[in-house]
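> Counting from 7, one number per residue, gives the positions in the sequence shown under this note's numbering. Note that beta-carbon positions come from the ideal geometry of N, C-alpha and C, so glycine has one too.
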Amino acid sequence: MIECTFAIIKPNAVRSALAGEILRRYETARYRLLAMKLVHPTREKIAGFYAEHEGRPFFPGLCDFMSSGPIVVLALEGEDAIAGVRALNGATDPAKASPGTIRHAFGPTMGSNVVHSSDSTESAAREISYWFSPEELVQYTMKSSLADV
Ligand code: UDP
Ligand code: MG
7 MIECTFAIIK
17 PNAVRSALAG
27 EILRRYETAR
37 YRLLAMKLVH
47 PTREKIAGFY
57 AEHEGRPFFP
67 GLCDFMSSGP
77 IVVLALEGED
87 AIAGVRALNG
97 ATDPAKASPG
107 TIRHAFGPTM
117 GSNVVHSSDS
127 TESAAREISY
137 WFSPEELVQY
147 TMKSSLADV
């Protein structure tokens with residue numbers, strides 16, 4: 007099924023100039039960019055985004071980390087995009103992530119893994135609308151090569 011999902015390139019990855027490499031992995035897997043922007047979120051914006059985790063011991067540190075610098079927020083579309091992007095990202099704990107995944111490649115720790123992506127159709131819809139207005143979701147056809155226009 008064609009799905010939309012939401013992803014974040016986290017602040018440590020942006021600071022380390024890994025945004026392009028991470029985006030390349032999503033593009034290479036043929037997920038279509040629906041929307042993308044670089045933002046430095048407030049702690050309050052992040053706390054609302056991660057509201058499902060409020061009260062967990064890691065929540066304050068997660069909010070501090072995620073608001074520590076600019077992040078790239080992305081909406082992506084493609085066949086089974088929700089599970090597919092999570093598979094590209096790998097396990098939450100980079101120490102347990104499979105070789106070939108983004109979290110395996112870049113670590114560095116559970117609390118500061120370099121990417122986020124939605125875990126269900128409901129969270130994808132909520133997360134996309136949390137960061138993007140409807141006009142920011144752009145429709146176009148993805149082509150297989152520059153020659154194929
Ligand atoms: N997290 C953490 N400790 C935990 C669980 C989660 O530091 O025990 C952090 C981790 O950085 C993760 C984020 O909180 O990416 C959100 O947690 P979630 O369980 O939703 O993992 P994800 O969906 O990002 O794999
Ligand atoms: Mg999650």
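1. Helix, strand or coil, according to DSSP, for His122 in the structure here?
2. Considering just the uninterrupted stretch of the beta strand (DSSP E) at Arg62, what are its terminal residues?
3. Spell out the partners DSSP gives Lys43 in its beta bridges.
4. Tell me whether the beta-carbon of Pro100 lies closer than 8 Å to the beta-carbon of Gly113.
5. Please indicate yes or no: does the CB of Asn18 lie closer than 7 Å to some heavy atom of ligand 1?
6. Does the beta-carbon of Thr34, which I'm using as the reference point, lie nearer than 7 Å to any heavy atom of ligand 1?
The short version:
1. If you number the sequence shown from 1, residue 122 lands on position 116. His122: strand per DSSP, three-state reduction.
2. Locating residue 62 in the sequence shown gives position 56, counting from the first residue. For Arg62, there is no enclosing beta strand (DSSP E), since its DSSP letter is neither H nor E.
3. The residue labelled residue 43 in the question sits at position 37 within the sequence shown. The partner list for Lys43 (beta bridge, DSSP) reads Val79.
4. Working through the sequence shown from its first residue, we reach residue 100 at position 94. Working through the sequence shown from its first residue, we reach residue 113 at position 107. It is a contact, given that the beta carbons lie within the stated cut-off.
5. Looking up residue 18 in the sequence shown gives position 12. Outside the cutoff, so no.
6. The residue labelled residue 34 in the question sits at position 28 within the sequence shown. No, Cβ of Thr34 sits at least 7 Å from all heavy atoms of ligand 1.
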